[in-house]
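Presented below is the structure to which this report refers.
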Amino acid sequence: MRAPPRLRLVLASRHDVRLGLHRLRLTGGLAEVRAADLRFSLAEAAELFSDAGFELSVPTLSLLHERTEGWAAGLRLAALSLVGHPDPGRFAAEFSGSERTVAEYLLAEVLDRQSEQVRRLLLRTSVLGRVNGELADLLTGAGGGEGILQDLEQANAFVASLDSSRTWFRYHQMFADLLRLELRRTGPGELAAVHRVAAEWFATHGFPADSVRHAQAAGDWGPAARLLADHWPALYLDGQAAVVHGLLAGFPPGLLSTDAELAVMAAADELIRGSLDAAGRYLDLAETRSAAVPAGRREQLRLLLAVVTLLLARQRGNLLAVVEEASKLQAMAAVADTAQPGLGADLRGLALISLGSTEFWASASGDAERYLEAGIALARQGGRPYLEFTGLAYQAPHVFYHSFAQGAERARRAVELADRHGWTDDPAVGVACTVIGLVQVWHGQPDEAEPWIQRAELTLSADAQPAAVLAVLMIRGTLELIRDRNAEALAALEGCERLARQLSGQHYMVARIQALVVHSLVRLGRSGPAEQLLAGLDKQDRERTEIRVATAALRIAQGDLQAALAVLAPVRTVPDSNDYWGFWNARADVLEAIARDAFGDPDGATAAIERALDISERSGDVTAFLLYSYAAPDLLDRHGRHRGAHASLLAEIQSLLAGVKPAARAVLQPPLGPLSDSELRVLRYLPTNLTAPEIARELYVSANTVKTHMRNVYAKLAVHRRAEAVGRARALGLLAPSAANRRGSTRIATP
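Heads up: the sequence shown begins at 912 in my numbering, then just goes up one per residue.
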């Protein structure tokens, strides 16, 4: 007897029924609706509460949705419990699986239906955020834990696997709440022992954070502190500051001040959160309490003190202290290697990156590049992406001075690493965003620069990263100048000046800030204050290129063309071998062209404009023309009639001056998905002339494997041909630029 062709059979069960469903699944004859499909979305949860007569605020609704994980019955029980409650927000914050109506439901429908063996496993493992079979067996003193967990997941009994091999599991939040309530009710004396066993297991299996949490839950403050101190360097180097912050919050507050090792870690925590003064106080407490540390722990304390003292000196921009502390840390690296193999190289990388970043911010020294490059290499060698990210972020502004495009490329790589790993609020992200925003400003793209600069402003703190904030304020001032918002520019730059005066010593950026302040005053028609600022400078400062350019702008505004040309004459002798000095020279050339044109020297003006265009063509900087927009359009119009060598660039600048966005530069979107290590290895061979079989021989894989990786690369880069993949990969920084490329003219996607 055959079933009619239009017959549809619906089966509802808590367990998979044994009807050969695998065959139907394979042939496409089975439609499955499982737990994930039955979870309510946020919008569906809102509709449920609305139907029940409750219009909840978005935070309250989101919290209830998160707590219930979209479980329909849980949301319905929450709606029933809300009746008559005076404070829905407080109800949502307190709502859990121990709430009476939820507990009754879970007890009756789930827990009471289990055997005694399963109940014991569920109760004793409920203190864990995640559990596997081995740990379950250890906590219950029985066997078969993994099988029980798999059966519970199969039965949809509020147990979910966390990995594809179904070895790690977690409980639904509300079910876990109920289980912990039952464990406290039926076995209160077991809690501490369960936590101690879990702490020991996690410690021996390489999960220090979980181990510390369970030691804290058992009230074992000493072992918890020692364990955290032993693993703190690795946690910091892996970018786990948020995890450490949570663990420190789990100790009694007074203990952070009385335990030397905890005090050092608390100092690092305050430092990361931007409180340099509090960090200094905790370090002083650690030094004071160090004599009470047992002899066997003193070497670890010395290591912690060396790392955190170095970080504090770096934040303060104290180059001499950083040099001293970096030297100490590198000397201690061998000791660290003995305790934790591989940690020594990571600490040397941290020391070099700290030294390089401070050297740059304090003096823009050429040694910074060498230190940063060596530190980044050690980070990659040790597999520390957080350390690599910070190195790239701090390397970006240094490289920027040689090449705008390469600086932006380093910064973009740093931001991508941070976004991928969740370090989006790290101050180093602000440093990288500053560089990207600055390059966009130099390219005459203020709207594109704005979100990057805003992100830098939100990420950086003047108290914690004064030198970096100095750069952000200077860029903000420049951005407002090219927008012709001169009052806003002056406010930003005067704030920049005030911050610079708070730094120890004369910061190398001061002359640049003062030059931009003069430009702002000139554009506001305030020649008097501009003159006073210049008069207050000493002879050495007045001879700096930036100040000469600013002085020339003032003299032209005052109508003293001869004085403007005289003050600009020495600038022509300054080499413009890198992009930074090139853009100051370009500004000098534009001002010279304005002065010579007013003098009636069109040939001299044409020659000066051509020099400025030469520099802009190479670096991509067009601010020299945007800053002097009162005269540049006429000069460029006349220059265009001479048919110089920069027709395309000239048209772009004229469009910017006219307020029209040029369409020459396309937005550079990120890949559709991250490339795997194998795909990246294949990608590196695509610029060569090797065929797929030849690449396969180089990589010791099959030709089919290489072709599969090539197809994946093309799909992720949204291209169709090998040459297109190479070009896009170079634009994204996945491959080094070709020797023929002169400057990076692509626009970077906004954050």
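The C-beta atom is built at its ideal place from N, Cα and C for all residues, glycine as well. Note that the structure is predicted; figures quoted are calculated from it, not measured.
(1) Is it right to say Arg913 is buried, meaning 16 or more other beta carbons lie within 10 angstroms of its own, or is it exposed?
(2) Is Ala1516 near Arg1507, with beta carbons less than 8 Å apart?
(3) Counting only the same chain and skipping the five closest in sequence on each side, list residues whose C-beta sits under 6 Å from that of Pro1573.
(4) Around the Cβ of Ser968, are there at least 16 other Cβ atoms within 10 angstroms (buried) or fewer (exposed)?
(5) Hey, how far is the Cα of Val1624 from the Cα of Leu1594?
(6) Can you check the region 1363 to 1436 for any alpha helix (DSSP H) of at least 4 residues that lies completely inside it and give the ranges in chain order?
(7) Applying the criterion that 16 or more other CB atoms from any shown protein chain within 10 Å of the CB defines a buried residue, is His1550 buried or exposed?
(8) Starting from Ser1072 and walking both ways along the beta strand (DSSP E), at which residues does that stretch end?
(9) Which value, in whole angstroms, describes the spacing of the CA atoms of Val1155 and Thr1345?
(10) Within the region 1522 to 1576, note down every full alpha helix (DSSP H) run reaching 4 residues or more, in order along the chain.
(11) Over the uninterrupted alpha helix (DSSP H) stretch that includes Arg1081, give me the two end residues.
(12) Could you name the residues of the same chain whose beta carbon sits closer than 8 Å to that of Leu1017, not counting the 5 residues immediately before and after it, in chain order?
(13) Is Val1038 buried or exposed, if buried means 16 or more other CB atoms sit within 10 Å of its CB?
(14) Which partner residues of Asn1043 appear in the DSSP bridge assignment?
(15) Under a three-way DSSP split, which group does Glu1442 fall into?
(16) Spell out a yes or no on whether the region 1180 to 1189 and the region 1374 to 1391 are touching, meaning 3 or more CB-CB pairs, one atom from each, closer than 8 Å.
(17) Mapping DSSP to helix, strand and coil, what is Val928?
(18) Just the C-alpha distance for Val1533 and Trp1353, rounded to the nearest angstrom, thanks.
(19) Using only alpha-carbon positions, find the residue among His1116, Leu918 and Gln1127 that is nearest to Gly1157.
(20) Rounded to a whole number of angstroms, what is the C-alpha to C-alpha distance between Gly1228 and Arg1437?
(21) What is the DSSP secondary structure of Ala1066, reduced to helix, strand or coil?
(22) Hey, how far is the Cα of Gly1406 from the Cα of Ser1540?
(23) Mind pulling the alpha helix (DSSP H) runs of 4 or more residues that sit fully within the region 949 to 1001?
(24) Put His1116 into one of helix, strand or coil per three-state DSSP.
(25) Just verifying my parser: in three-state terms, what is the DSSP assignment at Thr1301?
(26) Within this structure, are the beta carbons of Val1218 and Leu1212 separated by less than 8 Å?
(27) Does Trp1132 come out as helix, strand or coil in the three-state DSSP assignment?
(28) Which same chain residues end up closer than 7 Å to Arg1466 when comparing Cβ atoms and leaving out the 5 residues on each side of it in sequence?
(29) At what residues does the alpha helix (DSSP H) containing Asn1623 begin and finish?
(30) Could you say which of Thr1301, Arg1331 and Thr1335 lies nearest to Arg1321 if we only look at CA atoms?
(31) State whether the region 1255 to 1274 contacts the region 1287 to 1298, with contact taken as three or more CB pairs (one from each stretch) at a distance under 8 Å.
(32) From the DSSP output, in three-state form, read off Glu1270 for me.
(33) Between Ala963 and the rest of its own chain, which residues show a CB-CB distance below 6 Å, the 5 nearest in sequence each way excluded?
(34) Whole angstroms is fine: what's the gap from Phe1315's alpha carbon to Leu1591's?
Working from what's here:
(1) That one is exposed.
(2) The answer is yes: Cβ separation under 8 Å.
(3) Annotation note: pLDDT 43 at Pro1573 (below 50); position unreliable, coordinate value reported separately. Excluding residues within five positions, the ones whose Cβ falls inside 6 Å are Glu1563 and Ser1566.
(4) The residue in question, Ser968, is exposed, as its Cβ has fewer than 16 Cβ neighbours within 10 Å.
(5) Spanning the two alpha carbons is a distance of roughly 7 Å.
(6) Whole alpha helix (DSSP H) segments, 4+ residues: 1377 to 1393, 1397 to 1413 and 1421 to 1434.
(7) Of the other Cβ atoms in all chains shown, 16 or more fall within 10 Å of the Cβ of His1550; this residue is therefore buried.
(8) Start and end: Val1070 to Ser1072.
(9) Roughly 28 Å separates the two Cα atoms.
(10) The region 1522 to 1576 contains these whole alpha helix (DSSP H) runs: 1534 to 1537, 1543 to 1551 and 1558 to 1568.
(11) Per DSSP, Arg1081 belongs to no alpha helix (DSSP H); it is in the beta strand (DSSP E), Trp1079 to Tyr1082.
(12) Within the same chain, Gly1008, Phe1069, Met1085, Phe1086 and Leu1089 come within 8 Å of Leu1017 by CB-CB distance, once the 5 residues on both sides are set aside.
(13) With 16 or more Cβ atoms within 10 Å of its Cβ, Val1038 is classed as buried.
(14) Residue pairing by DSSP places Asn1043 opposite Trp1079 in a beta bridge.
(15) When secondary structure is reduced to three states using DSSP, Glu1442 falls in the helix class.
(16) Yes, the region 1180 to 1189 touches the region 1374 to 1391.
(17) If DSSP states are grouped into helix, strand and coil, Val928 belongs with coil.
(18) Rounded to the nearest angstrom, the two C-alpha atoms are 6 Å apart.
(19) If we check each option's Cα against that of Gly1157, Gln1127 comes out closest.
(20) Taking the straight line joining both Cα atoms gives about 34 Å.
(21) If DSSP states are grouped into helix, strand and coil, Ala1066 belongs with coil.
(22) About 25 Å.
(23) The region 949 to 1001 contains these whole alpha helix (DSSP H) runs: 953 to 962, 969 to 979 and 983 to 993.
(24) Of the three classes helix, strand and coil, the one that applies to His1116 here is coil, per DSSP.
(25) Secondary structure at Thr1301: helix, using DSSP grouped into helix, strand and coil.
(26) No, these two residues do not count as a Cβ contact at 8 Å.
(27) In this structure, DSSP gives Trp1132 a helical state, which the three-state scheme calls helix.
(28) So the list reads Ala1474, Ala1475 and Val1478, once near-sequence residues are dropped.
(29) Its alpha helix (DSSP H) spans residues Ala1614 to Leu1628.
(30) The shortest C-alpha separation from Arg1321 is found at Thr1301.
(31) Yes, they touch.
(32) Looking at Glu1270 - three-state DSSP - the assignment turns out to be helix.
(33) Once the five neighbours on either side are set aside, the close Cβ partners of Ala963 are Ala990.
(34) Roughly 26 Å separates the two Cα atoms.
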